[in-house]
Structure formats: C-alpha cells, structure tokens
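Asks: Counting with the numbering used here, you get residues 440 to 755 for the letters of the sequence shown.
Beta carbons: idealized from backbone N, C-alpha and C, even for Gly.
Being a predicted model, the structure only gives us computed values, none of them experimental.
Let me begin by handing over the structure; questions about it come next.
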Amino acid sequence: MPSQTPDMPEAPSPRQIAVAYKAVAAQTKAASSNFYYAFTTLPVDKRNAVYAGYAFCRLADDIVDEGEYGDRIGEALDSLQTHLAAAYAGDFSVNTEGNGDRLSIKEATPEMWLALGDTLHKYPIDQQHLLDVVEGCRMDLNGTTYEKWDQLVEYCKRVASATGLALIEVFGYEDERAVEYAIDLGIALQLTNILRDITEDLEIGRVYLPSEELAEYGVAVDDLRNKRITPEFIRFMKFQVARARKYLESGVRLFPLLDKQSRQCPEVMTKIYELLLDQIEKNNYDTLNHRVGLTRFRKFKLLLVIWLRARRIRFV
440 MPSQTPDMPE APSPRQIAVA YKAVAAQTKA ASSNFYYAFT TLPVDKRNAV
490 YAGYAFCRLA DDIVDEGEYG DRIGEALDSL QTHLAAAYAG DFSVNTEGNG
540 DRLSIKEATP EMWLALGDTL HKYPIDQQHL LDVVEGCRMD LNGTTYEKWD
590 QLVEYCKRVA SATGLALIEV FGYEDERAVE YAIDLGIALQ LTNILRDITE
640 DLEIGRVYLP SEELAEYGVA VDDLRNKRIT PEFIRFMKFQ VARARKYLES
690 GVRLFPLLDK QSRQCPEVMT KIYELLLDQI EKNNYDTLNH RVGLTRFRKF
740 KLLLVIWLRA RRIRFV
C-alpha cells in the first residue's frame, strides 16, 4: 500500500478527492459498460474505488484501440505505467504533461490519477494486477492472432482476470480460493466479449479465436470476414459458448467468499454475461450478422431483481 514521504506534495483535500471520484464515476457511466450497472450495487467507498480502477483499465484499452497515438502507442502505455508507479508511491499530484522521454496522455486527467491514488492508498491492490492489464493491452500491438487456446487464455488473464484480481481486493475476501475463481470469471467474461465482437475485431485486423481450433472445426477466417454461417461455424461456436459457461460456473463460486456487501456486484456482471450467451444461442450462434446486447431497461430490471433477492424481498 502506498505511503507518503516528506518529499511528496501536500495531500489533496477531501473536497478534491470527492470531485475526482465524481469524475471517474461519470467516465464509467459514459462508457456505457455492462459493468456500470453492477458497480452501482456496491457501498459508496467501494464503488468509488472500482470506478477509479475501471477508469484506469479503460484508458489503457482506449489508448490501443482508438489509435490516436499512432506509432507511439507503446510509449503511451509506458507513460501510463510510469504514472501508475507514481500513484503507488503516494504521489497524488501526478503530472499528466509529457516531459522529455515521457509522452503526455491527455485523457489521463488529474482527477483520474487523484481518484486512483486515493484508492491505492485505501485498498491493498497489488500493482502487478494493473500492470498486467496494461501489458494485456500491449499484446494487441504485437499481433492478435492466437494459434492455441492456452495463448488466448494468457491474454484473457491479463486484460480481464487481472482486473478481477484488483477488484476482489476492493470487494474484500479471506479465502484464497477467491483468487482462482476470480481468474476463471475474468476468462469467461473476456471469451464472451470475443465471441460477441468477432466482426468488430476483424474490422481492425484482429482474430482472437485460436487458429488451431478454427482449423479443427473447419472454419476459415474468410468465412468470418464474409459472415458465412456454416454448419462448421455453428459447431465451433457451440463449443466456445459451452467453454465460456464452464468458466462462468467456476466463477460463481467466488460470490460467497466475498464480503457480503460486495457479492451483488459480480453476481450482476455474471448474470449479464449469461444473458449474452443466451442471446448468442437464440440467434443460432450468428454473432457475425446479429449483434447481441442488453437494453438499459433489461439491465436495470436485472439489477432490481438481484437487489430485492439479496434483501429477501418478494412480491406475491
């Protein structure tokens, strides 16, 4: 956990911290993430911490995906890691301006760093988890074609499971099995995203699906590009959806190991992704021509049902 030294700038005021948390909450909501609805179930302090962590992880992803930094994306990620180290060291006044060998990241606002720094001061989040998220995003720069499932799993662990490992430090747990289940839940969520976003990923030159397994099922990348829903593709997708569900089944064992006030958050996340998998199945596994997703109303309804159930409230 970071601590201040005499050389550090004066700690921010409670008002400054409150403003910073409002900013990262707004960023999370604006991202229209499935996760936002889950985060709202948390107590205020934990919710604010999760917003700060999400803002950081989202920024790492956006740096790579939006392409604004051109051939300097790697430098931008390096800069992000440098700022992260400063935040861990207790520097609440991280300077977002570039200097000499460090690239400026304009999206990395002072508010984001202040909220993240305060979060790292309050919760025992291992720095390696957040570094792994950045390195997972960096993997997208080195080619996004994976030959084997084990290689894709490594990617999923970095971009998704590492986020989950950071989150459970905020949620609170004592049983070390929570780590294993958080890793599996992250793999399940990321694999579901990959199955949902095949077409979008192809448009930016990415094929996350293991080439070895595509070949095994007789699916060519050209089939994906041309949005051909062949019997081979359907069999391939059935296998992948079943695999995602298997990881989800492991991940749900995380819930009872968490602090009671935090359990609804991963439960909502998991239920949303279960419904996405249901939609994929109902569309006969055609994610190439039919985008799957949940409406805001359906997410809110799901949130309400889980909230009421947690409080043992029933309507007859």
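Compare the C-alpha of P563 against each of R597, E505, E608 and E586 and name the closest.
Replies: E608
Asks: Ignoring anything shorter than 4 residues or poking outside the stretch 649 to 731, list the alpha helix (DSSP H) runs there in chain order.
Replies: 650 to 656, 660 to 664, 670 to 690 and 703 to 721
Asks: Do I512 and L569 have their C-beta atoms within less than 7 Å of each other?
Replies: no
Asks: Tell me which same chain residues have a C-beta within less than 7 Å of the C-beta of L693, skipping the five on either side of it?
Replies: A617, Y620, A621, L624 and P705
Asks: Between E671 and the rest of its own chain, which residues show a CB-CB distance below 7 Å, the 5 nearest in sequence each way excluded?
Replies: Y656, G657 and V658
Asks: Quick one: what's got a C-beta closer than 7 Å to S689's C-beta in the same chain, skipping five residues either side?
Replies: Y620 and D623
Asks: Per DSSP, what kind of secondary structure is Y585 in: helix, strand or coil?
Replies: coil
Asks: On the three-state DSSP scale, how would you describe Y612?
Replies: strand
Asks: A683: buried (16+ other C-beta within 10 angstroms of its C-beta) or exposed?
Replies: buried
Asks: Please work out which residues of its chain come closer than 6 Å, Cβ to Cβ, to D540, disregarding the five sequence neighbours upstream and downstream, and give them in chain order.
Replies: At D540 the pLDDT is 47, less than 50, meaning the model places this residue with poor confidence; the figure from the coordinates comes in the next sentence. Once the five neighbours on either side are set aside, D540 has no close Cβ partner at all.
Asks: Where do the N-terminal and C-terminal ends of the alpha helix (DSSP H) with P451 fall, by residue?
Replies: Here P451 belongs to no alpha helix (DSSP H), and DSSP marks it neither H nor E.
Asks: Looking only at C-alpha atoms, which of L498, E586, A526 and T583 sits nearest to A547?
Replies: L498
Asks: Between which residues of its own chain and T638 is the CB-CB distance below 6 Å, once the five residues before and five after are set aside?
Replies: Hits under 6 Å: L727.
Asks: Looking at the strands, I want to know which residues DSSP matches up with V646.
Replies: T584
Asks: Could you name the residues of the same chain whose beta carbon sits closer than 6 Å to that of Q700, not counting the 5 residues immediately before and after it, in chain order?
Replies: Here the set comprises P482.
Asks: To which residues of the same chain is L714 closer than 7 Å at the C-beta, ignoring the five residues directly before and after it?
Replies: Answer for L714: L733, listed in chain order.
Asks: Rounded to whole angstroms, what's the CA-CA distance from N538 to N487? Just pull it up for me.
Replies: Summary for N538: the model assigns pLDDT 48, below 50, so the residue's position carries little reliability, and this model does not support an answer.
Asks: What residue range does the alpha helix (DSSP H) around R497 cover?
Replies: V483 to D504
Asks: Skipping 5 residues on each side, what residues in its chain have a beta carbon closer than 6 Å to that of V755?
Replies: Note that V755 scores 38 on pLDDT, short of 50, meaning its location in the model is unreliable; the coordinates nonetheless yield the value given after this. Its chain contains no residue whose beta carbon lies nearer than 6 Å to that of V755 once the 5 sequence neighbours on both sides are disregarded.
Asks: Evaluate S472 with the Cβ neighbour count: other Cβ atoms within 10 Å of its Cβ, from every protein chain shown; 16 or more gives buried, anything less gives exposed.
Replies: Residue burial is scored here from C-beta neighbours: S472 has fewer than 16 other C-beta atoms within 10 angstroms and is therefore classed as exposed.
Asks: Quick one: Cα of R737 to Cα of T480, how far?
Replies: 16 Å
Asks: Report the rounded CA-to-CA distance for V489 versus Q590, giving the unit in angstroms.
Replies: 28 Å
Asks: Within 10 angstroms of the Cβ of V660, are there 16 or more other Cβ atoms? Answer buried if so, exposed if not.
Replies: exposed
Asks: On a CA-only basis, which of R645, R664, L628 and L553 is nearest M578? Give me that one, please.
Replies: For M578, the nearest C-alpha among the options comes from R645.
Asks: Between which two residues does the alpha helix (DSSP H) carrying G757 extend?
Replies: In this structure the chain extends from 440 to 755, so residue 757 is not present and cannot be described.
Asks: Rounded to whole angstroms, what is the Cα-Cα separation between Y612 and Y508?
Replies: 39 Å
Asks: With distances taken from CA atoms, which of D640, R597, G529 and A515 is nearest K666?
Replies: Residue D640 is the option with its Cα nearest to K666.
Asks: Nearest by alpha-carbon distance to E600: which of K485, T583, E574 and E586 is it?
Replies: The sequence given here has Ser at residue 600, not Glu. For S600, the closest of K485, T583, E574 and E586 by C-alpha to C-alpha distance is E574.
Asks: From the DSSP output, in three-state form, read off S518 for me.
Replies: helix
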